[in-house]
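Undergrad: Got a structure here, written out as structure tokens. Questions coming.
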Amino acid sequence: MRGPGAEKGHLCCLENWVSRACSGSSAGQKGSRNVEMIVMDVRHRIQLAVATADWVLRGIGLASTLLLVGASAVPHHPPVLWAWERTEVLNTMPLSFDVAAVVGFIRLEGGTVTVARGRRFPLMLREGAHQPTGVVHIEIDQTRPLLWTEGLRAEVVGAVLAFMRPYAAVQVDMEVRDSQRVALLDVLRGVRAGRPPGTTLSMTALASWCDTEHWLAAAPVDEIVPMLFRMGPSGARLQDKLARGGDFGEPWCRQALGISTDTPVAIPQGRRVYVFNPHPWDAGAVAALEQRGFR
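By the numbering used here, the letter at position 25 of the sequence shown is numbered 44, and the numbering carries on one by one without gaps.
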């Protein structure tokens, strides 16, 4: 993974240049907020360019041929059960299973954080179970334009860091539109920079981001989890591609994936598999996973 220092230095120089350029123009006289928005736009363009270069360089070091097996085959890693925003009783699950539980919820409306709260529902784990991965869900009000500024970035990053403090692993779940990618990358960069030493950072991703787009190479994370459910019209094509032995176009999306108990898919061998259940987990749902070969 590329060190963040070089890019940070370039961006700092860019911000200084834009500030000087705007100071003598009519746009500069509208205040620092206009300068800030110009910087964010140019930063976005740089990040996308760097992402394209990273994708090429990273792909050289990765094996591109992976054996795909049926959904019932035994995965290489034990499954990770997503525990969403509801009461989850997992005190009978096998100790080999892992859990990724929502521990924080953040909502953005325009340029404001309107909600930042912790988990509201009980999570009951079996004694001796591994510490869960802390999932922070970030929701954007898509009925209003997102006004992404340095101040908003700092507030969101600070909230994520506060939620993740007790956990050795954290996952950011943030769905964004094309025009909002800079916000997601900014959050990930800030969280990675401020995380406690040794904390691993994961992110969820729409399957399309991993299959036909290559901007995720700029995401400074240890793991990307493409979600192979609720995929919309393009889902059937991707599922067929995986079943025929294909794989995601983005190499760094080949470490893990997310599936749902109600959406059978082909699972590439050797992936860490996160499992979503549209209903609360119970002994029957866990037993069904074991019957499919998950251990």
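Beta carbons: idealized from backbone N, C-alpha and C, even for Gly. Just so we're clear, the structure is a prediction, and the values are computed from it rather than from any experiment.
Which residues in the same chain as Val154 place their Cβ atom closer than 7 Å to its Cβ, once the five residues preceding and following it in sequence are excluded?
TA: Ala119, Ala120, Val121, Val122, Gln190 and Asp192
Undergrad: Give the secondary structure of Ala119 by DSSP, where H, G and I count as helix, E and B as strand, and everything else as coil.
TA: strand
Undergrad: Strictly by DSSP, which residues pair up with Asp230?
TA: Partner(s): none; Asp230 has no beta bridge.
Undergrad: So, using beta-carbon positions, are Asp117 and His156 closer together than 8 Å?
TA: no
Undergrad: Suppose only complete runs of 3+ residues qualify. What are the beta strand (DSSP E) ranges in the segment 128 to 206, listed by chain order?
TA: 131 to 137, 142 to 144, 152 to 159 and 188 to 193
Undergrad: Quick check for students: name the residue ranges of the alpha helix (DSSP H) that lie wholly in the segment 243 to 281, counting only runs of 4 or more.
TA: The qualifying runs are 254 to 262.
Undergrad: Using beta-carbon positions only, say whether Ile243 and Val175 come within less than 8 Å of one another.
TA: In this structure, Val175 does not lie closer than 8 Å to Ile243 by Cβ.
Undergrad: Near Met250, what residues of its chain come up, given a Cβ to Cβ distance below 7 Å and the 5 sequence neighbours on each side ignored?
TA: Cβ neighbours of Met250 beyond the five flanking positions: Ala226 and Leu257.
Undergrad: Quick one: Cα of Arg172 to Cα of Arg200, how far?
TA: Approximately 13 Å, taken between the alpha carbons.
Undergrad: With DSSP as the reference, label Arg291 as helix, strand or coil.
TA: strand
Undergrad: Who are the Cβ neighbours of Gly89 in its own chain at under 6 Å, not counting the five residues just before and after it?
TA: At Gly89 the pLDDT is 36, less than 50, meaning the model places this residue with poor confidence and gives no usable figure here.
Undergrad: If you reduce the DSSP assignment to three classes, tell me which class Leu225 lands in.
TA: strand
Undergrad: Buried or exposed: Leu100, going by 16 or more other Cβ atoms within 10 Å of its Cβ?
TA: buried
Undergrad: Work out the CA separation of Val134 and Glu146 for me, nearest whole Å.
TA: 32 Å
Undergrad: On the criterion of 16 or more Cβ atoms from any shown chain inside 10 Å, does Asn296 qualify as buried, or is it exposed?
TA: buried
Undergrad: Do Met112 and Val292 have their beta-carbon atoms positioned less than 8 Å apart in this structure?
TA: no
Undergrad: Just the Cα atoms here: how many angstroms apart are Tyr186 and Asp266?
TA: Going from the Cα of Tyr186 to the Cα of Asp266 covers about 31 Å.
Undergrad: Here's the rule I'm using: 16 or more other beta-carbon atoms within 10 Å means buried, otherwise exposed. How should Ser221 be labelled?
TA: buried
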